[in-house]
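Novice: One structure, pasted below without further comment.
Printed below as a string of structure tokens:
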């Protein structure tokens, strides 16, 4: 059976949680391959709403095994809180959640360093969630990180932590004038954490590859969005990992030949949290209206999201670097009531018109978005479950997206709940329409 990868195509917050939750009913395993507790995946059914930060979004489907891969950076506090929340809802976690022994841990000094650096940058701050994600990845690639496997040996853990904390304390004290950390207290805290997560820890790369040999279907879940990729996003206003499809292989230890389906999640308009260029942003009444109708506030931080029109130049770029086999459109219902719907199809920069997406931030900040204006619709489409239930203008909007990107649309979300979805397991809107 194939590996299906679900990827955010914009700046994150596209609604991946709902899509993974829907697709989980068809798979054996859901695996998270990068990011940390800075991501919030929201899932709604009935009158319940849940936000997951680390545990994969398939946990609410009995019989599905959930994997946190080596590419994720683990926050012990966030993970344990999440496990407790899931158990309180009546779902079994032990035996269904597996954590890679090679996953890196977010330490208290990572959070303190990120907070200090953001304050130090002041007006030039990246706008991170201050969860310690960036510093944890920095230590990973500097080969000074603490991994889950290091918790197994108290002496090894003490030696590595002592070296790391001495260095971090020097930086906190001398550079950022911040309070130093207690080595012994941190060691005790993480030894206790090891006792709690030990039943979940395993070699997840071996587990996933054995599952592939047995013909099981794996759904790989990314966090954030493609335009926040550390290599292909709007650097330096990016995350510290690879939300794009390549991150799936390195973050789980599976071969690229196993991937046969790559679903790009596309919000019907655009949003962005934090700082960085956003060509189609509407810092006006239109943006406020999108924010309020779409409830555009961060699932992790509660911060208001910046809102704007759909950027197809950026979407086509995401499709190119990921090789999307299909698109899933979310929050189409939020656009109800707009008389017209501008869609960005080109940029003007330095007197020239182009359809190239310049991921370098200093250029993207200066582009002028050029729009094609499509008709809006007034009919309430929330909860529509068939394509025939959509007004003609809504179908035209979707057809325009499919034609421009050259990618079929296989799923359309018309509300936050599971059942508020147009989806029949095949192309709903063809790119060749």
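Numbering (the numbering used here), first residue to last: 3 to 435.
We put the CB at the ideal spot given by N, CA and C, even for glycine.
With a 10 Å radius around its C-beta and 16 neighbouring C-beta atoms as the bar for buried, classify residue 152 as buried or exposed.
Specialist: Result: buried.
Novice: Relative to the alpha-carbon of residue 263, which residue among 56, 339, 33 and 326 has its alpha-carbon at the smallest distance?
Specialist: Checked all of 56, 339, 33 and 326; the closest Cα to residue 263 is 326.
Novice: Can you tell which of 108, 6, 17 and 7 has its C-alpha closest to the C-alpha of residue 273?
Specialist: The shortest Cα separation from residue 273 among 108, 6, 17 and 7 belongs to 17.
Novice: Using 8 angstroms as the cut-off, can you tell me whether the region 157–175 makes contact with the region 107–117, which would need three or more C-beta pairs spanning the two stretches below that distance?
Specialist: Cβ pair count under 8 angstroms is three or more, so yes.
Novice: Given residue 137, which residues of its chain have a CB within under 6 angstroms of its CB, disregarding the five upstream and five downstream residues?
Specialist: Contacts found: 112, 115 and 116.
Novice: Taking buried to mean at least 16 other C-beta atoms within 10 Å of its own C-beta, is residue 298 buried or exposed?
Specialist: By the neighbour-count rule (16 or more Cβ atoms within 10 Å), residue 298 is buried.
Novice: Excluding five sequence neighbours on each side, which residues of the same chain lie with their C-beta closer than 7 angstroms to the C-beta of residue 198?
Specialist: Once the five neighbours on either side are set aside, the close Cβ partners of residue 198 are 82.
Novice: Using the C-alpha atoms, what's the distance from residue 109 back to residue 191?
Specialist: For residue 191 and residue 109, the distance between alpha carbons rounds to 10 angstroms.
Novice: Identify every run of the beta strand (DSSP E) within the region 79–142, keeping only runs that are complete inside it and at least 3 residues long; order them along the chain.
Specialist: For the region 79–142, whole beta strand (DSSP E) runs of length 3 or above, ordered along the chain, are 99–102.
Novice: In the DSSP assignment, what are the bridge partners of residue 157?
Specialist: Answer is none; residue 157 lacks a bridge partner.
Novice: Note the first and the last residue of the continuous alpha helix (DSSP H) segment covering residue 273.
Specialist: It is not in any alpha helix (DSSP H) - residue 273 instead sits in the beta strand (DSSP E) that spans 272–274.
Novice: Determine the burial state of residue 357: buried for a count of at least 16 other Cβ atoms within 10 Å of its Cβ, exposed for fewer.
Specialist: So residue 357 counts as exposed.
Novice: Strictly under 8 angstroms for the Cβ-Cβ distance: is residue 295 near chain B by that measure?
Specialist: Judged by its chain identifiers, the structure shown contains no chain B, having just a single protein chain.
Novice: Name the two residues that bound the continuous alpha helix (DSSP H) containing residue 192.
Specialist: It spans 185–199 - the alpha helix (DSSP H) in which residue 192 sits, taken as one unbroken run.
Novice: May I ask you to report which of helix, strand or coil DSSP gives residue 166?
Specialist: Helix at residue 166.
Novice: Hey, quick one: how far does the beta strand (DSSP E) through residue 34 stretch, first residue to last?
Specialist: That run of the beta strand (DSSP E) goes 31–34.
Novice: Quick one, which of 174, 188, 102 and 133 has its alpha-carbon nearest residue 149's?
Specialist: Nearest C-alpha to residue 149: 102.
Novice: Rounding to the nearest angstrom, what Cα-Cα distance links residue 26 and residue 178 in this structure?
Specialist: The straight-line gap from Cα to Cα measures roughly 45 angstroms.
Novice: Label residue 21 either buried or exposed according to how many other C-beta atoms from any shown protein chain fall within 10 Å of its C-beta, with 16 as the threshold for buried.
Specialist: With 16 or more Cβ atoms within 10 Å of its Cβ, residue 21 is classed as buried.
Novice: Would the C-beta of residue 199 count as close to the ligand PLP, meaning under 7 angstroms from any of its heavy atoms?
Specialist: The ligand PLP is not part of the structure shown, which contains no ligands of any sort.
Novice: Which class does residue 320 belong to by DSSP, given the choice of helix, strand or coil?
Specialist: Residue 320: helix per DSSP, three-state reduction.
Novice: Should residue 15 go down as buried or exposed, given a rule of 16 or more other Cβ atoms within 10 Å for buried?
Specialist: Buried, since its Cβ has 16 or more Cβ neighbours within 10 Å.
Novice: Please report the straight-line C-alpha distance between residue 269 and residue 194, rounded to a whole angstrom.
Specialist: Roughly 41 angstroms between the two C-alpha positions.
Novice: Give the C-beta separation of residue 56 and residue 70 to the nearest angstrom, bearing in mind that I take them to be a contact with Cβ-Cβ under 8 angstroms.
Specialist: Between residue 70 and residue 56 the Cβ distance is about 6 angstroms, and since that is below 8 angstroms, they are a contact.
Novice: Does DSSP put residue 144 in a helix, a strand or coil?
Specialist: Here residue 144 sits in coil by DSSP.
Novice: Answer yes or no: do residue 305 and residue 275 have a C-beta to C-beta separation smaller than 8 angstroms?
Specialist: For residue 305 and residue 275, yes; Cβs fall inside 8 angstroms.
Novice: Are the beta-carbon atoms of residue 237 and residue 361 separated by less than 8 angstroms?
Specialist: For residue 237 and residue 361, yes; Cβs fall inside 8 angstroms.
Novice: Just grab the DSSP bridge partners of residue 372 for me.
Specialist: Residue 372 pairs with 348.
Novice: Going by Cα to Cα distance, which pick from 187, 260, 336 and 432 is closest to residue 214?
Specialist: The shortest Cα separation from residue 214 among 187, 260, 336 and 432 belongs to 260.
Novice: Given a threshold of 16 other Cβ atoms within 10 Å of its Cβ, counted over all protein chains shown, does residue 244 qualify as buried or as exposed?
Specialist: So residue 244 counts as buried.
Novice: Applying the 10 Å Cβ sphere with the 16-neighbour rule, what's the burial state of residue 328?
Specialist: Buried, since its Cβ has 16 or more Cβ neighbours within 10 Å.
Novice: Would the region 330–339 count as touching the region 393–410 if we require 3 or more Cβ pairs under 8 angstroms?
Specialist: Short answer: they touch.
Novice: Looking only at its chain, what residues have a beta carbon closer than 7 angstroms to the beta carbon of residue 227, apart from the 5 residues adjacent to it on each side?
Specialist: Once the five neighbours on either side are set aside, the close Cβ partners of residue 227 are 10, 11, 12, 13, 14, 16 and 245.
Novice: Which partner residues does residue 223 have in the DSSP bridge list?
Specialist: Beta-bridge pairing links residue 223 to 8 and 34.
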